[in-house]
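2 protein chains.
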Amino acid sequence: MIKTINDLLLDSREKNDIEICGWVKTKRASRNICFIMINDGSTLNDLQCVINVDELGTNISDSINTGASVKINGNLINSKGNEQNLELKVKSIDIIGGSINYPIQPKNHSLEFLRDISHLRFRTRTFYSVFKIRSTISYAIHKFFRDNNFIYLNTPILTSNDAEGAGEMFTVTSIDLLNNKNIDFKDDFFGQKVNLTVSGQLEAETGIFGLNRVYTFGPTFRAENSNTTRHLAEFWMVEPEMAFFDLEADIVLAENFVKYIITSVLDQCKPELEFLNALCVKKDNYSLIDKLTNTVNEKFEQISYTEAINILSNCKKNSEFRYPVTGWGIDLQTEHERYLTESYFKKPVIITDYPKDIKAFYMRLNDDNKTVAAMDILFPGIGEVIGGSQREERLDYLMNAIKEKSINPDYLKWYLETRQFGTIIHSGFGMGLERIVQFITGMDNIRDTIPFPRFPNHCEF
Amino acid sequence: MIKTINDLLLDSREKNDIEICGWVKTKRASRNICFIMINDGSTLNDLQCVINVDELGTNISDSINTGASVKINGNLINSKGNEQNLELKVKSIDIIGGSINYPIQPKNHSLEFLRDISHLRFRTRTFYSVFKIRSTISYAIHKFFRDNNFIYLNTPILTSNDAEGAGEMFTVTSIDLLNNKNIDFKDDFFGQKVNLTVSGQLEAETGIFGLNRVYTFGPTFRAENSNTTRHLAEFWMVEPEMAFFDLEADIVLAENFVKYIITSVLDQCKPELEFLNALCVKKDNYSLIDKLTNTVNEKFEQISYTEAINILSNCKKNSEFRYPVTGWGIDLQTEHERYLTESYFKKPVIITDYPKDIKAFYMRLNDDNKTVAAMDILFPGIGEVIGGSQREERLDYLMNAIKEKSINPDYLKWYLETRQFGTIIHSGFGMGLERIVQFITGMDNIRDTIPFPRFPNHCEF
């Protein structure tokens, strides 16, 4: 495999006649010496390259701009500077690709500016760190489930299943919409109306009857016109489903899962976390690394929805909420979730047993006949990160819930068969990847946690 | 974590008073003994449970049907049978969920029949094996790239980029198509026409300028009306892109990659491969395991397109082809690819340096001015599994190719900027996940390699 700057720095030994390729980050000249920092994307750290201008000719260093790609030959020697252990004494330098009018200069650009050039922002230290951590999180997700004997199951993105009620859906068609005035989905590619999935849960549930434990991990879509820092029209979701798990087993798995992810990043992305930590200290005066370490070390608080309502309706802040808590049965708003996690408990909070009327039809009805065996895990600064439940395994109860929610059971015939043929106790949950990336990287806006964010009126690249 | 049958069998020791849950696979009664095979989806192997009918009462065993879910208490003891080491001596058995009119009975169902009940076919040994292997392949993909310092990059599924020419695209909209006669995409969710991606390559290329090596792994879509055993409208694709890799480095990586995947399955899915192997021996009289072992152990053949054309046009079979090879410049058909891999070389074949006119605009033009630095890896029985190239890094050559292919460069402004700001030599390839699942599992029809296949007029579940 081709050697990268990271390979060279990890080796950390002096070496003659090495060749590296990379991009110029910064350049500073002092009399007859020119220092250029080179990065090839294999590490957060730049390699300092030292050019003796008299030896190599002044023209060379004049044409080296930020963003230009270069090939350098030289000797890797111990550095006299404090910032690095090794530096490259340049013997020859070739410019591969110039970089005129390059928009990313060695100064602090706003995240909004960088978002408009998402195809270039990978080249900044901030987004190098964010996307390296996102990749590390994704791998940790796969590893956690594999170590716990789950099968990775790819549930469909295109679905005719319109019945989940999880949000507005995008329609997918191969009809030429500009030249067809009367749309008939019978003539469409699939012979029926087809949508982009909002969740793979129902399909994943069918998998556990043969595979015991499965998880999905793929893109999901919401056509909701929400212009917030917490919503995307296209995002990645993880959805495990487990045969024979009740709600308590579900909660234990979910807490272990999210702690495993954070621990993996703490262990494997130290330089990137330190870089982002410095940004958080500077901007919001808090330590990102302390927050993550605390999250891993403390037991999450667990309360019922009813207890949450009691806390909220009795707290001083209730009158200041945009939506004051008026009584049992209301849905919790982000401001309520933030109060519980940030002010009251000051740590992640698991809320269980929500009223059946504000939760999905597939959640298992509790014996009280008014709550369901649901659980949400709320994180400080983020709100809901995980939502799950024990699933209703009793066919008659499930049919009843479907009727109460005015869902057409014809769409769910296949799903209902799981309860007709060998039904079992089972549970699962869903986690939005970008929410956990937000929490771990400290990025304020969810649009900065995914390479090419999609939101209303934005689908560039 | 809740104990599974697999946990018990792995432990392989006698144990009293254990409880298991699972589904009834088969039942056979002999005088006062009833044997039921139980599976909980954690292993290919069933657990034999032995019921003394006199002790437990005959009614119990009468109501135990194939597909029913049961909870059993008993003692795990060494079995006297030859088929298994351990069996469960049942002390009590509860039926959790009945299974009346269950369509999957203990007989050989056709794959077509099972495809129509994709939500139930997970419960068969064939699909247990296929989807366990698919999951193992997916994990091996992530592990290979991680071990080689790649970043997993989620390129967008929704894209306004209409310029790749890789095939027909699905349109995505949030407009109510039945109640809007005059569609104007300016009023749509994204304010413009948006499609489902056919490839994440162009976006992935932008990533390597900051992250060095990246790979995508996600769903891709083709709205092509192909009703074949080799095409799906929704399939999963892996697309690595590497900074500073030329075509030869690209080929070495791709060959290592695909061999790593096969080796992982050979090492980690022995029972499942043996099960599928027996099916292949029975049906097509060949050893799946031998095929996979040979593939890993032999060096793939590498020839240029020009050499391939010479072989094909001079072979006896040329007159029998549906599309006889008439000369240099034609695109290779599946029958040609199969002849080269199955009859001529009898192993995987890498074909390089195709005519520029039959390949995509982004492939690097060779010095001969008529071929590009492309490579396809063809597999016996499958055809193209991997397609890749060195990318055209020279802006003027790239603009020329775009012009020759009549592509509107306005859609590619962002892509072209990668060549304006520090362009570099780079390469990449794409691999369709389902094709490699087909090769490794021996499934004839690609629709049996993905949980819920999507093809013309089929989007159930």
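Protein sequences appear in the order of chains W and A.
First residue of the first sequence: 227, per my numbering; consecutive thereafter.
First residue of the second sequence: 227, per my numbering; consecutive thereafter.
Backbone N, C-alpha and C fix where the C-beta goes; we use that ideal spot for every residue, glycine too.
None of these values were measured; they are calculated from a predicted model.
A distance below 7 angstroms separates the beta carbons of Ile383 (chain A) and Pro445 (chain W). Using a Cβ-Cβ cut-off of 8 angstroms, Pro445 (chain A) is close to Asn380, Ile383, Gly444, Pro445 of chain W, given in chain order. Sorting A:Asp266, A:Ile262, A:Glu338 by C-alpha distance to the C-alpha of Ile277 (chain A) places A:Ile262 at the top.
For a Cβ distance threshold of 7 angstroms, residue set Gly267, Phe348, Tyr354, Phe357 of chain W lies close to Leu437 (chain A), ordered along the chain. Interface with chain A (7 angstroms Cβ-Cβ cutoff): Pro635 (chain W) is excluded. W:Val663 is the residue among W:Pro682, W:Asn683, W:Val663, W:His684 whose C-alpha sits nearest the C-alpha of Asp674 (chain W).
Closer than 7 angstroms to the CB of Trp554 (chain A) there is not a single CB belonging to chain W. Under DSSP, the beta-bridge partners assigned to Thr252 (chain A) are A:Met263. The beta carbon of Phe470 (chain A) sits closer than 7 angstroms to some beta carbon of chain W. Contact between Arg548 (chain A) and Gly609 (chain A) does not hold, since the beta-carbon distance rounds to 14 angstroms and is not under 8 angstroms. As DSSP reads the structure, Lys315 (chain W) sits in a beta bridge with W:Val276, W:Asn301. Scanning W:Met601, W:Pro606, W:Thr649, W:Thr399 for the CA closest to the CA of Asp622 (chain W) turns up W:Thr649. Using a CB distance cut-off of 7 angstroms, Glu474 (chain W) does not count as an interface residue toward chain A. For Tyr378 (chain A), DSSP records a beta bridge to A:Tyr441. With 16 or more other Cβ atoms inside 10 Å of its own Cβ, Asn421 (chain A) counts as buried.
Scanning chain W for C-beta atoms nearer than 8 angstroms to the C-beta of Lys496 (chain A) yields nothing, as the closest lies near 16 angstroms away.
Contacts with chain W at 7 angstroms (Cβ-Cβ) include Cys247 (chain A).
Within chain A, the residues placing a beta-carbon under 7 angstroms from that of Lys407 (chain W) are Lys407, ordered along the chain. Going by DSSP, Ile612 (chain A) is part of the beta strand (DSSP E) stretching over 609–616. Neighbours of Tyr328 (chain A) in chain W, taken as residues whose beta carbon is under 7 angstroms from its own, are Phe647 in chain order.
The beta-carbon of Thr399 (chain W) is placed less than 7 angstroms from the nearest beta-carbon of chain A. Residue A:His345 holds the alpha-carbon nearest to the alpha-carbon of Gly426 (chain W) among A:Phe483, A:Ala449, A:His345.
Ile322, Gly323, Ser325, Tyr328: these are the residues of the stretch 316–344 of chain A whose beta carbon lies less than 7 angstroms from some beta carbon of chain W, given in chain order.
Gly555 (chain A) and Tyr580 (chain A) have their C-alpha atoms spaced approximately 8 angstroms apart.
If you check the CB distance, Phe647 (chain W) and Ser325 (chain A) come in under 7 angstroms. When Cβ-Cβ separations below 7 angstroms define contact, Thr432 (chain A) makes contact with chain W.
If the five residues before and after Gln331 (chain A) are omitted, its C-beta is found closer than 7 angstroms to the C-beta atoms of Thr292, all from its own chain and listed in chain order.
Excluding its 5 nearest sequence neighbours in each direction, Gln310 (chain A) has C-beta neighbours in its own chain below 6 angstroms: Gln274, listed in chain order.
DSSP places His684 (chain A) in the strand class (E or B) of the three-state scheme. Across the structure, Lys572 (chain A) and Ser615 (chain A) are spaced so that their CA atoms are roughly 24 angstroms apart. Contact of Glu460 (chain W) with chain A by beta-carbon distance below 8 angstroms involves Pro382, Ile383, Leu384. For the set A:Gly436, A:Ile672, A:Thr552, A:Tyr570, the Cα lying nearest the Cα of Val611 (chain A) is the one of A:Ile672. Residues of chain A with a Cβ closer than 9 angstroms to the Cβ of Thr567 (chain W) do not exist, since the nearest Cβ in that chain sits about 27 angstroms away. In terms of Cβ geometry, Met657 (chain W) and Val464 (chain W) form a close pair [threshold 7 angstroms]. Leu236 (chain A) sits exposed, since fewer than 16 C-beta atoms from the chains shown fall within 10 Å of its C-beta.
Shown here, Ile401 (chain A) sits in coil according to DSSP, grouped into three states, outside any helix or strand.
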